[in-house]
Amino acid sequence: MKAIIEQDLVISLGDLGDIDVPSHLLTLPVENLRYNGQELINASIISTFYICPSGLKHVVRHNAEWQRLDCTFNEILIKDDTGWRAQNEHDVYQHQLLVIDGARRNLYREVSDPLYMESYRKKENGEFEEAAIFKSQADAAVQQIQIKNPFPTPPIN
195 MKAIIEQDLV
205 ISLGDLGDID
215 VPSHLLTLPV
225 ENLRYNGQEL
235 INASIISTFY
245 ICPSGLKHVV
255 RHNAEWQRLD
265 CTFNEILIKD
275 DTGWRAQNEH
285 DVYQHQLLVI
295 DGARRNLYRE
305 VSDPLYMESY
315 RKKENGEFEE
325 AAIFKSQADA
335 AVQQIQIKNP
345 FPTPPIN
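In structure tokens:
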């Protein structure tokens, strides 16, 4: 089995290719393989990478502008104002918060907001008892939405 290499990335495996693949690496996913200039290696055991502008982890610095980063192969990378970094607990929390907030907003729009609007209409028409019933239903819907979609616990700093 041979590997087709582009820079240090293994693009594919097959009968045609640049480098012979050692048998002990054949069980690994292609995306875990890198060519260090001498041999194919398992990048999942490496802890220093060079990050290209698209965020790929390389074991060889092909461009002086690529950022050196100490991280594991499986860590998700985040690009911020200072460059690339490994995703941390705060990033995960922020993502979970956005997902839950979006889900809540959609449910409010579908379930509780129409009830609040009906309560408002009833109140404007002088139907105060009916307005109170709709408002109670809307409040209960909001409470259920929040119970079923709790916000994540913030990470401890």
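This note's numbering puts the sequence shown at residues 195 to 351.
Beta carbons are placed, not taken as given, at the ideal position from N, Cα and C, and that holds for glycine.
Buried or exposed: which applies to residue i, given that a residue is buried once 16 or more other Cβ atoms fall within 10 Å of its Cβ?
| i | result |
| --- | --- |
| Ser330 | exposed |
| Ser313 | buried |
| Leu210 | exposed |
| Leu292 | exposed |
| Leu220 | exposed |
| Phe243 | buried |
| Ser306 | buried |
| Ala334 | exposed |
| Phe322 | exposed |
| Ala197 | buried |
| Asp212 | exposed |
Could you spell out the range, first to last residue, of the alpha helix (DSSP H) harbouring residue i?
| i | result |
| --- | --- |
| Val163 | Since the first and last residues shown for the chain are 195 and 351, residue 163 lies out of range. |
| Leu271 | No alpha helix (DSSP H) holds Leu271; the beta strand (DSSP E) holding it covers 271-274. |
| Tyr314 | 307-318 |
| Ala332 | 322-342 |
Does DSSP classify residue i as helix, strand or coil?
| i | result |
| --- | --- |
| Leu301 | helix |
| Ser238 | helix |
| Asn294 | Before going further, note that residue 294 is Ile rather than Asn in the sequence given. Reduced to three states, the DSSP call for Ile294 is helix. |
| Asp202 | coil |
| Glu283 | helix |
| Gln288 | helix |
Which residues mark the beginning and the end of the beta strand (DSSP E) in which residue i is found?
| i | result |
| --- | --- |
| Ala258 | No beta strand (DSSP E) holds Ala258; DSSP gives it neither H nor E. |
| Leu352 | The chain is shown from 195 up to 351; residue 352 falls before or after that span and cannot be answered. |
To which residues does DSSP link residue i through a beta bridge?
| i | result |
| --- | --- |
| Gly277 | Asp274 |
| Leu207 | Ala197 |
| Tyr244 | His252, Arg262 |
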